[in-house]
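Each remark here refers to the structure printed beneath this line.
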Amino acid sequence: SPDQETCWQNCEIEGADEEYENTYGVRSDGKALNLTFVTDGPYSKNVGSRVYMLNSDKETYKMFKLKNREFTFDVDVSRLGCGLNGALYFVDMDEDGGKSRHEKNTAGARYGTGYCDAQCPHDLKWINGLPNVVDWIPQETDENAGLGKFGTCCTELDMWEANSISTAYTMHSCSVTEQTQCEGIECGDNAGAVTPEAHRFEGVCDKNGCDFATARLGDKTFYGPGSQFTLDSSKPMTVVTQFVTDDGTDDGKVNEVRRIYYQNGKKIENPSFDLLGNKHDSITQQFCSDWVGTTKDGTNFIQKGGFDGIDKALEKGVVLVMSLWDDHDVNMLWLDSIYPTDGSQPGSKRGSCAITSGVPKDVESAQANAKVIFSDIKVGAIGSTVPSGPSPA
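To convert, take the position in the sequence shown, counting from 1, and add 423; that gives the numbering used here.
Written out as structure tokens, the structure reads:
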């Protein structure tokens with residue numbers, strides 16, 4: 424393949440105005456966003472998707488300022504089985520997609536450039552305005568996808584990663600304070616196609632994250648498909664996340680991320696867990712410390728910046744991302760099954776899916792019609808976005 428410069432001169436990024444639904448399976452009616460998993464489009468088969476929220480000028484991403492605020496959305500994951508992840512999250516992307524910082528990036532936010540997250544993904548086709556063609560390795564099951572030499576890293580706040588079996592919300596800190604291209608050890612890669620040795624905890628970002636996952640924490644009856652679960656994932660629900668500051672003002676420092684649910688007009692509190700002698704029902708620095716102290720899984724959220732890093736990103740403003748994906752690294756077992764698969768570690772039981780589930784080839788054929796629907800997104804003062812909703816039937 425040509426070098427980056429040659430490729431940059433001869434390649435272009437196309438817009439997708441007409442193709443969202445037919446090519447990518449993305450449909451929006453202004454109120455709800457519907458992401459369908461596999462789409463047989465006019466030109467190719469498409470698997471999964473990821474979209475960002477733009478400002479009305481279509482030239483910049485909408486920057487969410489969430490300190491001392493709550494962020495609320497409705498979600499329907501009833502059609503997502505094992506191995507799938509319908510995700511809604513925030514990342515520390517540049518407002519203009521990196522257009523002003525990287526002279527070769529003439530496309531900007533309008534064309535969806537500038538993505539980054541705490542996994543420092545290598546599957547981006549363009550990073551910092553240049554094509555990621557160096558040492559590109561195509562993916563076995565999807566010729567449109569692959570991995571390049573470079574990754575792209577930044578702080579990530581996962582509001583919602585879920586299918587109908589399991590859910591988690593997670594904070595990921597990074598030692599970098601803006602979208603940053605990485606290569607080699609600084610990407611923190613697992614052993615695999617790009618890097619032969621594992622360097623997961625040596626990169627600039629905390630890849631495990633500080634996660635609040637009710638099944639992983641030990642409550643197997645809180646979330647799942649059916650009326651026997653407190654939160655029934657076979658029906659739509661409202662998810663409220665509150666970014667609490669230490670002094671209750673917009674200028675304070677975010678030191679807690681709280682979660683509340685509503686379903687059928689009923690308020691459902693996040694469950695509480697005892698860890699190392701402390702009670703926790705939300706993500707705080709103490710929770711993160713007690714959780715890694717319990718699992719001993721090497722999570723380095725605090726070392727990579729902890730809540731200071733989260734607060735810095737929120738101070739600046741973060742970009743909203745919604746996606747539907749399957750997992751070519753570990754088959755989403757970290758979300759909905761047992762991982763590590765021997766089940767010996769505290770916290771390794773994450774959901775009821777079999778350890779043989781989630782293989783992308785299987786998921787892409789058996790669950791081609793899977794979809795997630797996000798709707799009714801709201802931001803407001805803490806306590807203000809909550810639905811009064813219909814009274815319970």
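Glycine included, each C-beta is placed from N, C-alpha and C at the ideal position.
What is the DSSP secondary structure of residue i, reduced to helix, strand or coil?
i, result
"K739", "helix"
"T394", "Any question about residue 394 goes unanswered here, given that the chain covers just 424 to 816."
"F803", "One detail in the question is off: residue 803 reads as Gly in this sequence, not Phe. If DSSP states are grouped into helix, strand and coil, G803 belongs with the strands."
"D480", "coil"
"I588", "coil"
"P813", "Since pLDDT at P813 reaches only 48, below the 50 mark, its modelled position is unreliable, and the value read off the structure follows with that caveat. Reduced to three states, the DSSP call for P813 is coil."
"L758", "helix"
"G781", "coil"
"S746", "strand"
"Q432", "helix"
"G569", "strand"
"Q604", "strand"
"S598", "coil"
"C628", "strand"
"E787", "helix"
"D426", "coil"
"G574", "strand"
"F496", "strand"
"S798", "strand"
"D720", "coil"
"D581", "strand"
"T808", "coil"
"G774", "coil"
Check whether the Cβ atoms of residue i and residue j sit closer than 8 Å, and answer yes or no.
i, j, result
"V470", "E787", "yes"
"K485", "L737", "no"
"N457", "G509", "no"
"D765", "C505", "no"
"K739", "S596", "no"
"V449", "S467", "no"
"A638", "R773", "yes"
"S771", "I778", "no"
"E435", "G803", "no"
"P561", "W431", "no"
"C576", "V627", "yes"
"L699", "T717", "yes"
"Y646", "S589", "yes"
"F496", "F797", "yes"
"V677", "D752", "no"
"W559", "G552", "no"
"D720", "N631", "yes"
May I ask whether a heavy atom of the ligand FAD can be found less than 7 Å away from the beta carbon of residue i?
i, result
"V500", "Within the structure as shown, the ligand FAD is missing, as the structure has no ligands at all."
Less than 8 Å between the CB atoms is what I'm expecting for residue i and residue j, so what's the real figure, rounded?
i, j, result
"F724", "K490", "In fact, because the Cβ distance is near 19 Å, the residues do not count as touching under 8 Å."
"Y867", "T661", "Past the boundaries of the shown model lies residue 867; the chain is included only from 424 to 816, so the question cannot be answered."
"L511", "M745", "5 Å"
"K521", "Q651", "For the record, residue 521 in the displayed sequence is Gly; it is not Lys. Between Q651 and G521 the Cβ distance is about 47 Å, and since that is not below 8 Å, they are no contact."
"Y592", "F635", "5 Å"
"W583", "V663", "At roughly 11 Å, the Cβ-Cβ gap does not stay under 8 Å, so W583 and V663 are not in contact."
"L507", "F573", "The pair is not a contact, with the Cβ atoms about 27 Å apart (cut-off 8 Å)."
"T600", "A541", "Not a contact, Cβ separation roughly 13 Å."
"G537", "D517", "5 Å"
"P425", "V556", "7 Å"
"C633", "W714", "7 Å"
"T462", "T446", "7 Å"
"V514", "V741", "6 Å"
Please confirm if residue i has its CB atom under 8 Å from at least one CB of chain D.
i, result
"Q665", "Within the model displayed, chain D is absent; a lone protein chain is all it includes."
Original post:
Hey, is the stretch 528-547 in contact with the stretch 610-630, meaning 3+ C-beta pairs nearer than 8 Å?
Top reply: Three or more Cβ pairs drawn from the stretch 528-547 and the stretch 610-630 lie within less than 8 Å of each other, which places the two stretches in contact.
Original post:
Mind pulling the alpha helix (DSSP H) runs of 4 or more residues that sit fully within the stretch 630-708?
Top reply: Counting only runs of at least 4 residues, the stretch 630-708 fully encloses the following alpha helix (DSSP H) elements, listed from N- to C-terminal order: 637-640.
Original post:
Any contact of the stretch 531-539 with the stretch 768-785, i.e. 3+ C-beta pairs under 8 Å?
Top reply: Between the stretch 531-539 and the stretch 768-785 there are fewer than three C-beta pairs closer than 8 Å, too few to call the two in contact.
**OP:** Taking 8 Å as the threshold, find out whether the stretch 639-657 comes into contact with the stretch 619-629 through three or more Cβ pairs.
**Re:** Under the 8 Å Cβ criterion, the stretch 639-657 does not count as touching the stretch 619-629, having fewer than three qualifying pairs.
Subject >> Every unbroken alpha helix (DSSP H) inside the stretch 433-475 [4 residues or more] >> reply: Along the length of the stretch 433-475, whole alpha helix (DSSP H) runs at least 4 residues long occupy 443-447, reported in chain order.
Subject >> Within the stretch 507-564, ranges of the beta strand (DSSP E) (whole runs, at least 3 residues) >> reply: Whole beta strand (DSSP E) segments, 3+ residues: 507-514.
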